[in-house]
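Numbering (our numbering), first residue to last: 1 to 281.
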DNA sequence: CGCCCTGTTGGGGA
DNA sequence: ATCCCCAACAGGGC
C-alpha cells in the first residue's frame, strides 16, 4: 500500500493527532526493524521527546521530535501506522510501539516485516539521508518539464524503470507508474530518452494527476487509523489500468495485458500505449 | 492438504 | 547500467 499517496494520507491523519504530544516510551519488538542500530539505542534517542511535526519525503515518514531528533520510517509494502486507545485490542503484526501517554499508542504494524526505521540526529543528517536517496518531489513546483527533460536526455532506460527510480523522482511506485503511463499514453518499455517534449509534459501531468487521485480518493481521517484495516481502501477502484488484466481498457475497450517491466508486474493497454519500435536515444 | 507463484519496497551482488 | 535474487509472509490457483 505505501506509495507516496498512501504515506501522505497517513501523514495527514496522524499529524493533528500526535503533534505536540510526548513519546513516553518506545518499544521495538522486532530488532530487524532498525538494523543495524540496537533497539534500545533507538528508543533512548526518542523517549521523552515531544513530537514537533510529522512530515513526508518520498515514501518516508519523518517524526520530527524536539531538538532535531528525527525518527524516519519506511513502510515498504505492508507497513502501516495505527493509533490505538488503551481499551482497544492489540492488532496483529505489531513491530514497534510508541506510547504517547494517557494510554494511547501509535503502532507500526507490518505482516511482511520489510518496513524499517532509523534515528537521525540533526536536520542536516536528515537532509543528507534524504538527498542521498531521493530526487525531486513530484508534487512540488520543482517537478518541471525542463527537469524531466534533463534527466531523461540520452537515457535508454525504459520509462517505467525511470519513473520507479527514487533517486530521480521520489515516491512513485509500481501502481502509480502504470497509472501515469496509461494516462500519458506511453508504453512502459519505451526508452525514456526517446520521449518527445510533449510526451514528457504529458507524463509530468499524468504523474501529478495519478498521485493526487490517490490522495483524494480517501478522506484522511484519524479514525481510519484506529483499527487494523485502517486506511486500506478498495484499491482497484482508484486506478484506470492497474490490476485490470483481461478486462477491457476504460478508454478504448481493448483487452488490458499484463507484462513484465522493470522487474515488476506491469499492466498496459497496447492500443492506447503503443509498443516502442525505433531503437534510438 | 500441499506446492507453487505473486506481490504496494529497496538493497546487494553478478 | 541491468537483471536477478533476497528479505518474510499471506493469499490464491491448481
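Glycine included, C-beta positions come from ideal geometry on N, C-alpha and C. All of these numbers come straight from a predicted model, not from anything done at the bench.
Legend entry - C-alpha distance - residue 286 paired with residue 92, whole-angstrom precision: With the chain covering only 1 through 281, there is no way to say anything about residue 286.
Inset, instruction - Might you give, ordered along the chain, the residues of its own chain that have their beta carbon closer than 7 Å to the beta carbon of residue 127, omitting 5 neighbours on each side? - result: Taken in chain order, the list of residues that qualify is empty.
Legend entry - N-terminal and C-terminal residue of the beta strand (DSSP E) that residue 247 is part of: First-last for residue 247: undefined, no H or E at that position.
Legend entry - Where residue 255 sits in the DSSP three-state scheme: It is a strand residue.
Legend entry - Touching by the beta-carbon criterion (3+ pairs, under 8 Å), the segment 171-178 and the segment 190-202: no
Legend entry - Whole-Å CB distance - residue 170 paired with residue 135, under 8 Å assumed: 5 Å
Legend entry - Nearest-angstrom Cα separation, counted from residue 74 out to residue 166: 13 Å
Inset, instruction - Could you say which of 3, 64, 120 and 83 lies nearest to residue 34 if we only look at CA atoms? - result: For the residues 3, 64, 120 and 83, the minimum Cα distance to residue 34 belongs to 120.
Inset, instruction - Tell whether a beta-carbon distance below 9 Å holds between residue 66 and residue 55. - result: Their beta carbons are not under 9 Å apart, which means residue 66 does not touch residue 55 by this criterion.
Inset, instruction - Under 8 Å by Cβ, that's how I've got residue 314 and residue 269 pegged, so tell me the actual separation to the nearest angstrom. - result: Nothing about residue 314 can be reported from this structure: the residues present for the chain run from 1 to 281 only.
Inset, instruction - Mark residue 6 as exposed unless 16 or more other C-beta atoms lie within 10 angstroms of its C-beta, in which case mark it buried. - result: buried
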